[in-house]
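In the numbering used here, the protein residues as written are 1346 to 1424. One structure is given here, and the rest of the page talks about it.
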């Protein structure tokens, strides 16, 4: 597998992760979580790990939401 193939696999994996996570974030927002910090806290409290298996932070929520917007608009983002 060359670099381009590996990057494509990583990008697809990141897109799939966002697609699975977005409904959870939307559900959290519907319960009143308005800030990125509240969303990160809710994911951590639910035991949902980030893509790399760690805790959620404001920056990781920002990255997920940015990737979701890019997917919706057809933009390409690095994984």
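C-beta atoms are modelled at their ideal positions from N, C-alpha and C, and glycine is treated no differently. Note that the structure is predicted; figures quoted are calculated from it, not measured.
Could you give the distance in angstroms between the alpha-carbon of residue i and the alpha-carbon of residue j?
i: residue 1398; j: residue 1367; result: 17 angstroms
i: residue 1352; j: residue 1359; result: In this predicted model, residue 1352 has a pLDDT of only 44, less than 50, meaning its place in the structure is not dependable enough to derive any value.
i: residue 1371; j: residue 1365; result: 11 angstroms
i: residue 1414; j: residue 1376; result: 22 angstroms
i: residue 1412; j: residue 1390; result: 23 angstroms
i: residue 1417; j: residue 1405; result: 18 angstroms
i: residue 1393; j: residue 1407; result: 16 angstroms
When the distance is taken between beta carbons, is residue j closer than 8 angstroms to residue i?
i: residue 1362; j: residue 1396; result: yes
i: residue 1382; j: residue 1403; result: yes
i: residue 1387; j: residue 1378; result: yes
With DSSP run on the structure shown, which of helix, strand or coil describes residue i?
i: residue 1372; result: helix
i: residue 1359; result: helix
Fully enclosed by the region 1381-1423, which alpha helix (DSSP H) runs are 4 residues long or longer? As far as the region 1381-1423 is concerned, its whole alpha helix (DSSP H) runs of at least 4 residues are 1381-1390 and 1403-1418.
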